[in-house]
Amino acid sequence: MKVTEQNRHIYWNPYFGGFLLGLIVLFTFYMTGRGLGASGAMKSTVVAAVDVVAPTHAENNAYYSKFISEDKSPLNNWLVFEVLGILIGGLISGGLSGRIGWKVQHSPKITKRRRLYFALGGGILFGIGAQLGRGCTSGAALSGMSVLSVGGFISTIAIFGTGYLAAYFFRKNWI
Amino acid sequence: MGPLIPNEIIPYEWNNIIAILIGIAFGFVLESSGFSSSRKLAGVFYGYDFAVLKVFFTAAVTAAIGLYYMDYLGYVNLGELYVQPTYLWGGIIGGAIMGVGFISAGFCPGTALTAVAIGKIDAIVYIVGIMIGVFIFAEAYSIFQPLYEGSYLGNITVVDYFGANPYWFIFGLTVVAVLAFFVTDIIRRRVKKVFY
Amino acid sequence: MKELEKTKRISIAAVITILVVIIALLTYKKPKHLYTVNTQQALEQTALNNFIQKSELNSETILIDIRNKFEFEKGHIENAINIDASDILLEDNKNVFETLKEEGKNVALYGNTPSEAIAPLMVLQQLGFNNVKILAVNNSLNQDKLITTPAEIEKKGENINKFIETSAKKVNELMKAKPKPKPVVKAPVKKVVIPKKKKKKMPVEGGC
Amino acid sequence: MSTNKLITPRYLFLSALIIVLAGGLVLLPKFEKQEGIAPELLLSNAISPERYISTDELADRIISNDPSILLIDVRDEASFNENTLPNSVNIPLDQLLNEDFEGYLDQAEYDVILFSNDSFKADQAWILCNRLDYKNLHVLKGGINEWFNTIINPKKPSENMPQTEYNLYSFRKAASMYFGVMYVDQVKKPDSKKAYVAPKKTTTTPKVVVPKKKKKKMPVEGGC
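Protein chains in written order, with full-length UniProt numbering: chain A, 1 to 175; chain B, 1 to 196; chain C, 1 to 208; chain D, 1 to 224.
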């Protein structure tokens, strides 16, 4: 048990992980000409869901209609496949190092319930922010910075800047 | 040869298959670098573990250097790569909201997915939260519309906007990155250890 | 904290990257001939006056005959150098052009007709030799004596429509002399076709 | 932390490496972005005469209403309005590369035939398009002057010319009639009752030349 317990928290060296991630972003640009992404898939699922549940509403809503096209379902999108890949990749890596198991990770100081509330709140905020900023950290920031796009730098600075500013208010959750 | 699929060097059908493969590699690296644990992610804000900054910056710098070397050698045509549109205020305010979301939930969508993969319930709740957020954004789109479409500066890169020479810019970025790694190591020594 | 010690893997990765970069730079053979001009500038070059008349020739300009060796032997303009059009990019020929460019001499190419010399002229201009021009001259041989007649480039020929009308009119006068069959004169339809506006840009869907 | 030292030699080496790599980018010699095909290939394409199409062949294709030809006049606006070949599009040489004419040049469906007064300007246009690797472009040998001397106003071959010359002449004469030139000997004898009608020229259907877009590269979509 000691060994598995011990290596549950042994992660890669961040520079090695960063280097490999850099190669993956490079490979993605070389193959498909576009960067990585994640929140685009959530958007596609929501759009697809709304399209199925209330097609008329989806048609005349200004935002949904941007992503609905007759021939292709919103789910048939590069990002959705990539997200599938991420899930599989995460599973493989988690499996290899024995980290798979239903749990809620929270700082000992706070209760599980509070952690889930903050996760939900953060998710909602992130959902809105990602649509507004047209990209999340891995999409807009990472891929944006790789091609030195101004939008990428703006997103990175904005995300991590406000993160540091707001860190004080959320410190009870983490430290 | 530039981006292979848009130049039809690789048929378009491969696009989705490659997406899955890239996703697998992406998920694997993220998870192995420890990004499936939200407390390790939040460490960047509280100084006890700067993994996010190190991984992120190394990845960006490696990708930028790689791209510009390949462009120089002619393997990739930078003009054909997707540069995301820059909406100044949309980006800033969107980023601010995401920043607060990041610090409160401890996840960003990519890393949350890896956490979902290994069974973290708070990550699942987080993903549901994102979908609710998208839903709210869409429903209340009329409020966000001016911000969403305002201050459009085009798909510009630092090279066009500031006229910076990309090579010097990347060199500066690398130096800043190495300094940041060095400084964050110092900070890490001083901050109280947190076991996660 | 523990993972910071495990740096063995990064060093391996680092060494591999160095190797890859070095191999890439070594195997990268610089293309022999580099355009110094992109297509837009090359287009502007076509607008310049690329011709010299035989009269304007002074001892300063070097004459280069781009026909093949056999024709050159049969007859060529005096003190002309023979560089066949198809191998102007060979090593030594290119050096000839480079030395001429350094000495600032301007060069006149000529062949049997000016249109033969267009290809070498355009390629040389795009490689940065802008001291090259074409000698506007037609060469022809009779009993192995070279006759060079000045050639006029892009001469405005007769007006086709006018010619057709005159021929039609001529026939009409004849008609008038004959009993009056009314000839239907159909002016050739000349349309200015408006290029259909191309849809500007393929909509790049994407974004988050 | 076992290594309490801040700067382990390994990290020094790594940071030095990444800085050297980035610095390398700066020091590499710059050169003009190489646009288009390699110069040697361009030279060999430009020298080979197979891009030329003779006036007779063009006349034959126009008369047989060949739908796949597209005539492009590279002369300037004035001389285009003055006279040109039927159904031709005017792309002056200095606007050869601008955006809206690209649809005409960069396509795989039409046989594009460039022409000018003689074949000089057309050749220049052809070489530039060839550098950008545009497919199936041809040049009318001799341009409009040649067209005039052979098709519109063919020379009567003298007696001792071989038979082929006569056939060629008769073809050219028919072609010129097609283009509306009238000949004196067409006039019927005075006793012909039938009202004389000039040879009914098949009205060349105004071919709306829609530059069918070659399948553009797949749009690079992106975003998060």
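Note that CB positions come from ideal geometry on N, CA and C, so glycine has one too.
CB contact check: residue i to chain B, cutoff 8 Å
i: residue 59/A; result: no
i: residue 158/A; result: yes
i: residue 87/A; result: yes
i: residue 45/A; result: yes
i: residue 28/C; result: yes
Whole-angstrom distance between residue j and residue i, CA atom to CA atom
i: residue 56/A; j: residue 63/D; result: 56 Å
i: residue 166/A; j: residue 94/B; result: 15 Å
i: residue 127/B; j: residue 133/B; result: 10 Å
i: residue 174/A; j: residue 34/A; result: 35 Å
i: residue 150/D; j: residue 140/D; result: 13 Å
i: residue 162/A; j: residue 99/B; result: 5 Å
i: residue 55/D; j: residue 31/A; result: 47 Å
i: residue 73/B; j: residue 29/D; result: 12 Å
i: residue 6/B; j: residue 79/B; result: 12 Å
i: residue 9/D; j: residue 84/B; result: 39 Å
i: residue 176/D; j: residue 142/D; result: 17 Å
i: residue 51/C; j: residue 114/C; result: 9 Å
i: residue 58/A; j: residue 133/A; result: 22 Å
i: residue 85/D; j: residue 45/C; result: 27 Å
i: residue 118/C; j: residue 123/D; result: 7 Å
i: residue 46/A; j: residue 96/A; result: 32 Å
i: residue 194/D; j: residue 170/C; result: At residue 194/D the pLDDT is 39, less than 50, meaning the model places this residue with poor confidence; the figure from the coordinates comes in the next sentence. So the two alpha carbons sit approximately 20 Å from each other.
8 Å Cβ cutoff met for residue i and residue j
i: residue 57/C; j: residue 80/C; result: no
i: residue 61/B; j: residue 173/B; result: yes
i: residue 94/A; j: residue 42/B; result: no
i: residue 151/A; j: residue 63/B; result: no
i: residue 104/B; j: residue 122/A; result: yes
i: residue 115/D; j: residue 73/D; result: yes
i: residue 70/B; j: residue 42/A; result: no
i: residue 3/B; j: residue 81/B; result: yes
i: residue 138/D; j: residue 61/D; result: no
i: residue 27/B; j: residue 89/A; result: yes
Cβ neighbour criterion (16 or more within 10 Å) applied to residue i
i: residue 141/C; result: exposed
i: residue 60/A; result: exposed
i: residue 131/A; result: buried
i: residue 65/A; result: exposed
i: residue 20/A; result: buried
i: residue 168/B; result: exposed
i: residue 182/D; result: buried
i: residue 1/B; result: exposed
i: residue 161/D; result: exposed
Neighbour flag for residue i against chain A, beta carbons, 8 Å
i: residue 57/D; result: no
i: residue 24/C; result: no
i: residue 9/C; result: yes
i: residue 14/D; result: yes
i: residue 4/B; result: yes
i: residue 153/B; result: yes
i: residue 220/D; result: yes
is_contact[residue i, chain C] using C-beta, thresh 8 Å
i: residue 69/B; result: yes
i: residue 127/D; result: yes
i: residue 13/A; result: yes
i: residue 65/D; result: no
i: residue 96/D; result: yes
i: residue 113/B; result: no
8 Å Cβ cutoff, residue i in contact with chain D
i: residue 87/B; result: no
i: residue 127/C; result: yes
* **Interface residues of the region 33 to 61 of chain C facing chain D [CB-CB below 7 Å]** => 33, 34, 35, 36, 38, 39, 40, 42, 43, 46, 47
* Residues of the region 25 to 39 of chain B whose Cβ lies closer than 9 Å to any Cβ of chain A, in chain order -> 25, 26, 27, 28, 29, 30, 31, 32, 33, 34, 35, 36, 37, 38, 39
* Asked: Just by C-beta distance, which residues in the region 15 to 34 of chain A are closer than 7 Å to chain D?
  -> 15, 33, 34
* To do: With 8 Å as the limit, tell me which residues of the region 21 to 49 of chain D have their beta carbon closer than that to any beta carbon of chain C; keep them in chain order.
  => Of all residues in the region 21 to 49 of chain D, 21, 24, 31, 32, 33, 34, 35, 36, 38, 39, 40, 42, 43, 44, 46, 47 have a Cβ within less than 8 Å of some Cβ in chain C.
* Between the region 128 to 140 of chain A and chain B, which residues of the former have CB atoms less than 7 Å from a CB of the latter, in chain order? -> 128, 129, 130, 131, 132, 133, 134, 135, 136, 137, 138, 140
* Give, in chain order, every residue of the region 132 to 153 of chain C whose Cβ lies closer than 9 Å to some Cβ of chain B. => none
* Asked: Taking Cβ-Cβ distances below 9 Å as the criterion, which residues of the region 69 to 84 of chain C are in contact with chain D?
  -> none
* chain B contacts made by the region 98 to 113 of chain D, where a contact means CB separation under 8 Å -> none
* **Interface positions of the region 168 to 187 of chain B facing chain A (Cβ-Cβ less than 9 Å), listed along the chain** => 169, 170, 173, 181
* To do: Return the residues of the region 139 to 163 of chain D that lie within a Cβ-Cβ distance of less than 7 Å from chain C, sorted by chain order.
  => 144, 145, 148, 152, 153
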